[in-house]
Amino acid sequence: MSEVQLRINDNKGAFYIEVKGKQEAMMTFVYAGEDKIIIDHTEVNPGNEGKGFGKKMVTKAVEFAREKGIKILPLCPFAKSVFDKTPEFRDVL
Numbered sequence: 001m002s003e004v005q006l007r008i009n010d011n012k013g014a015f016y017i018e019v020k021g022k023q024e025a026m027m028t029f030v031y032a033g034e035d036k037i038i039i040d041h042t043e044v045n046p047g048n049e050g051k052g053f054g055k056k057m058v059t060k061a062v063e064f065a066r067e068k069g070i071k072i073l074p075l076c077p078f079a080k081s082v083f084d085k086t087p088e089f090r091d092v093l
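Numbering of the sequence shown is given in the UniProt record's numbering, commencing with residue 1 and proceeding in unit increments.
Below you can see the structure in the form of structure tokens.
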């Protein structure tokens, strides 16, 4: 089971998934003020299609936002499509 990890550097960060020590998927975000993050890019390496990595990263972002009491603005089309299909995530929008 590949766990989604998080790294934050100043006002930007990424949720990412490593498989056997190699980063296979990444979703980047930037902070907009204190209480919002903007998801701007999602990338999954070739060969990982259908593993649900993208949705896992969005799910982790939603958990992160709920924990921190912040909102998410999904500018990335992929992340936006996950939010569109997942009504239970909309509380963080």
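Positions of the beta carbon are idealized from the N, C-alpha and C atoms, including for glycine.
Measuring CA to CA, which of the options is closest to residue i?
i, options, result
"Glu88", "Glu67, Val4 and Thr59", "Thr59"
"Thr42", "Ala32, Pro74 and Lys68", "Pro74"
"Phe29", "Ser2, Val92, Ile70 and Ile38", "Ile38"
"Glu18", "Gly69, Ile72, Lys56 and Lys71", "Lys56"
For residue i, which three-state DSSP category applies?
i, result
"Ala25", "strand"
"Thr59", "helix"
"Gly54", "helix"
"Lys20", "coil"
Between which two residues does the alpha helix (DSSP H) containing residue i stretch?
i, result
"Pro77", "Pro77 to Lys85"
Provide the residue span of the beta strand (DSSP E) that contains residue i, from first to last.
i, result
"Arg7", "Val4 to Asn9"
Going by other Cβ atoms of all chains shown within 10 Å of its Cβ, with 16 needed for buried, is residue i buried or exposed?
i, result
"Gly54", "buried"
If you pair each beta-carbon of the stretch 43-54 with each one of the stretch 5-13, do three or more pairs fall below 8 Å? no
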